[in-house]
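Each residue of the sequence shown is one higher than the one before, counting from 1 in the numbering used here. Heads up: the structure comes next, in structure tokens.
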Amino acid sequence: HNSLLDKVEDNHTLYYEIVGYLPSGKVIMPNHNLDGKEYKYTYGCDYAQLKVLVYRITKVQDNGLYYEYSFDELVQYCNKYNFTHVPVVDQFIYSGNKVDIVNKVIEYCNNNPYQYEGLLEGVVIRNDDTTACKFVKFKSNLFSDAEGISKQSEKFVDLEGMS
Numbered sequence: 001h002n003s004l005l006d007k008v009e010d011n012h013t014l015y016y017e018i019v020g021y022l023p024s025g026k027v028i029m030p031n032h033n034l035d036g037k038e039y040k041y042t043y044g045c046d047y048a049q050l051k052v053l054v055y056r057i058t059k060v061q062d063n064g065l066y067y068e069y070s071f072d073e074l075v076q077y078c079n080k081y082n083f084t085h086v087p088v089v090d091q092f093i094y095s096g097n098k099v100d101i102v103n104k105v106i107e108y109c110n111n112n113p114y115q116y117e118g119l120l121e122g123v124v125i126r127n128d129d130t131t132a133c134k135f136v137k138f139k140s141n142l143f144s145d146a147e148g149i150s151k152q153s154e155k156f157v158d159l160e161g162m163s
């Protein structure tokens, strides 16, 4: 967090995940055991290394309204300040067919494109609308099983995701 502070432009807010290990060597996200296999969430970090992954940037405009950076603008901002952004699985124009998009997300989750010791946590679908934040977070079925099926319940409160 502190490594970002002096690089964030005025009136900007960066939203990010911290993944990997604490300086003590403890993993940030606890390991899971599923079907006799242990999954570690190192996200490709070496021991005692962490990554800060930016997934959203907003800016307060002169009129007081928030401007939501498009993903391309987020990438440019991250490149300018040597930040790392979340990885991109795919970019596409949504057809409006909900079944197609759910099937696409399930396919991404089942065919984890990232090589690390953990289960693919899930996929976030982002709508690039610079006037409003529109994200849908989909947790993979295997990850949900490892976390406990209760996470799929509408009544479950995810303290990790609250801010």
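We put the CB at the ideal spot given by N, CA and C, even for glycine.
Query - Residue from V102, R56, S144, K137 whose Cα sits closest to the Cα of Q76 - result: Within the sequence shown, residue 76 is the residue found at index 76, counting from 1. The candidate whose alpha carbon is nearest that of Q76 is R56.
Report task. Measure the C-alpha to C-alpha separation of E38 and S140 and round it to an integer number of angstroms. Result -> Reading the sequence shown from its first residue, position 38 is the one you call residue 38. Reading the sequence shown from its first residue, position 140 is the one you call residue 140. So the alpha carbons of these two residues sit roughly 17 Å apart.
Query - Outcome for L164 when other beta-carbon atoms lying within 10 angstroms are tallied against a minimum of 16 - result: It is not possible to answer for residue 164, since the shown part of the chain is limited to 1 through 163.
Query raised in the report: Hey, would you say T58 sits closer than 8 Å to T13, going by beta carbons?
Result: Sequence index remark: in the sequence shown, residue 58 carries index 58 (1-based). Sequence index remark: in the sequence shown, residue 13 carries index 13 (1-based). Yes, these two residues count as a Cβ contact at 8 Å.
Requested in this report: Verify whether the separation of the beta carbon atoms of F135 and G122 is less than 8 Å.
Outcome: By 1-based counting over the sequence shown, the position of residue 135 is 135. By 1-based counting over the sequence shown, the position of residue 122 is 122. No, these two residues do not count as a Cβ contact at 8 Å.
**Report entry** Residues near A146 by beta carbon distance below 8 Å, same chain, minus five either side
**Finding:** As a first step, residue 146 must be located in the sequence shown, where it is residue number 146. Within the same chain, A146 has close Cβ partners H32, N33, L34, Y39, L119.
**Report entry** Proximal residues to H1 (C-beta, below 6 Å), its chain only, five neighbours per side dropped
**Finding:** Residue mapping note: residue 1 aligns to position 1 of the sequence shown, counting from 1. There are no such residues.
Query raised in the report: Between K98 and L74, what straight-line distance do the alpha-carbon atoms span, to the nearest angstrom?
Result: Position 98 of the sequence shown, counted from the start, is the residue given in the question as residue 98. Position 74 of the sequence shown, counted from the start, is the residue given in the question as residue 74. Going from the Cα of K98 to the Cα of L74 covers about 26 Å.
Query raised in the report: By a C-beta neighbour count over all protein chains shown, 10 Å radius and 16 as the cutoff for buried, is Y16 buried or exposed?
Result: Working through the sequence shown from its first residue, we reach residue 16 at position 16. Per the 10 Å Cβ criterion, buried.
Query raised in the report: Could you check where the alpha helix (DSSP H) with V54 kicks off and where it finishes?
Result: Your numbering for residue 54 matches position 54 in the sequence shown. Per DSSP, V54 belongs to no alpha helix (DSSP H); it is in the beta strand (DSSP E), 50-60.
Query raised in the report: Three-state secondary structure (DSSP) at E147?
Result: Indexing the sequence shown from 1 puts residue 147 at position 147. Residue state, collapsed to three classes: helix.
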